[in-house]
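This report concerns only the one structure given below.
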Amino acid sequence: METDETRDDDGLVSRLRLIEDRPLEDRAGAYAAVHEELRAVLEGGDAPVDGRAS
């Protein structure tokens with residue numbers, strides 16, 4: 001069974017593969033954009049101490 005997390009992981013892997021196909025000088029900006037998006041997601045919400053979503 002495929003979960004949302006699995007689809008998100010697949011999307012990230014696909015995106016990283018596309019970045020790797022770019023010329024070297026274009027990769028830094030693309031990786032920086034991915035980094036900022038991941039940072040925003042991770043910092044965007046505080047998880048409860050027990051790890052369960054409310």
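For the sequence shown, this note's numbering assigns the number 1 to the initial residue and increments by one for each residue that follows. All C-beta atoms, glycine included, are put in the ideal place defined by N, C-alpha and C. Treat the numbers as computed from the prediction; the structure is a model and nothing was measured.
C-alpha distance - A30 paired with L24, whole-angstrom precision: 10 Å
Return the CA-CA distance between V34 and G44, expressed in angstroms with no decimal places. Near 15 Å, if we compare the C-alpha coordinates of G44 and V34.
DSSP state of R27, grouped into three classes? helix
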